[in-house]
Amino acid sequence: MRIAIGADHGGWALKAPIVAALQAAGHTVLDLGAYALNPADDYPDFAQAVAEAVRRGQAERGIVVCGSGVGAGIVANKLPGIRAGVCHDTYSAHQGVEHDDMNVLCLGARVIGSELALELVRAFVGAKFSGEERHRRRLAKIAALENAAREKQP
Ligand code: RB5
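Okay, so the sequence shown: first residue is 270 according to the working numbering, each after it adds one.
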């Protein structure tokens, strides 16, 4: 699978281990930065880059790491077609894909350690959308909300 990843300074510590684990598992990683630890960098830049890569089809899934995962999730969900979730338990990391077709996983490096992060990434990447009618129906409602919000824009 092609996976885009990004992290600000708050998520920096987890990015390298996640990239290494994904590559070792045979995935292609699109690393969208940061490329150096910079305490002055801003999570919206990396979350936007990852979300855009997923939206454009350059990656099938995205992973964004910040301090809590929250800021990354807020930003990623601003882009139409992005379904991002902060998941710090493995059930949510796979169920979010199976039911909600979550395409961006957000993690907080100040909340979880590297071993749990790698388990979460494995659960996320290994999961597939079930395609069940009830889940498609709910996703259609989300898409309708996005379309309505776009039409209301001045
Ligand atoms: C950066 O200090 C921190 O605010 C950011 O990584 C993130 O936690 C935002 O949600």
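Beta carbons: idealized from backbone N, C-alpha and C, even for Gly.
Those residues which DSSP pairs with residue i across a bridge
{"i": "Leu299", "result": "Ala273"}
{"i": "Val288", "result": "Per DSSP, none; premise fails for Val288."}
{"i": "Ile411", "result": "Ile411 is not bridged to any residue."}
{"i": "Val334", "result": "Ala276 and Leu376"}
Buried versus exposed, by CB contacts within 10 Å (16 or more), residue i
{"i": "Met371", "result": "buried"}
{"i": "Ala283", "result": "The sequence shown places Leu at residue 283, rather than the Ala named in the question. By the 10 Å Cβ count, Leu283 comes out buried."}
{"i": "Arg330", "result": "buried"}
{"i": "Tyr312", "result": "buried"}
{"i": "Ala322", "result": "buried"}
{"i": "Ile411", "result": "exposed"}
{"i": "Leu306", "result": "exposed"}
{"i": "Leu301", "result": "buried"}
{"i": "Leu389", "result": "buried"}
{"i": "Leu291", "result": "buried"}
{"i": "Leu414", "result": "exposed"}
{"i": "Gly326", "result": "exposed"}
Distance cut-off 6 Å: residue i Cβ against heavy atoms of ligand 1
{"i": "Tyr312", "result": "yes"}
{"i": "Cys375", "result": "no"}
{"i": "Gly382", "result": "no"}
{"i": "Cys335", "result": "yes"}
{"i": "Gly279", "result": "yes"}
{"i": "Gly342", "result": "no"}
Cβ of residue i within 7 Å of any chain B Cβ
{"i": "Arg419", "result": "Looking at the structure shown, chain B is missing, and only one protein chain is on hand."}
- Message: At 3 residues or longer, what runs of the beta strand (DSSP E) sit wholly inside the stretch 350–376?
- Response: 353–355
- Would you be able to state if there are at least three C-beta pairs under 8 Å between the stretch 347–358 and the stretch 310–324? yes
- Message: When you compare the stretch 393–406 with the stretch 357–374, are there three or more beta-carbon pairs, one atom per stretch, that lie closer than 8 Å?
- Response: yes
- Item | Given 8 Å, three or more beta-carbon pairs between the stretch 382–391 and the stretch 402–409 | no
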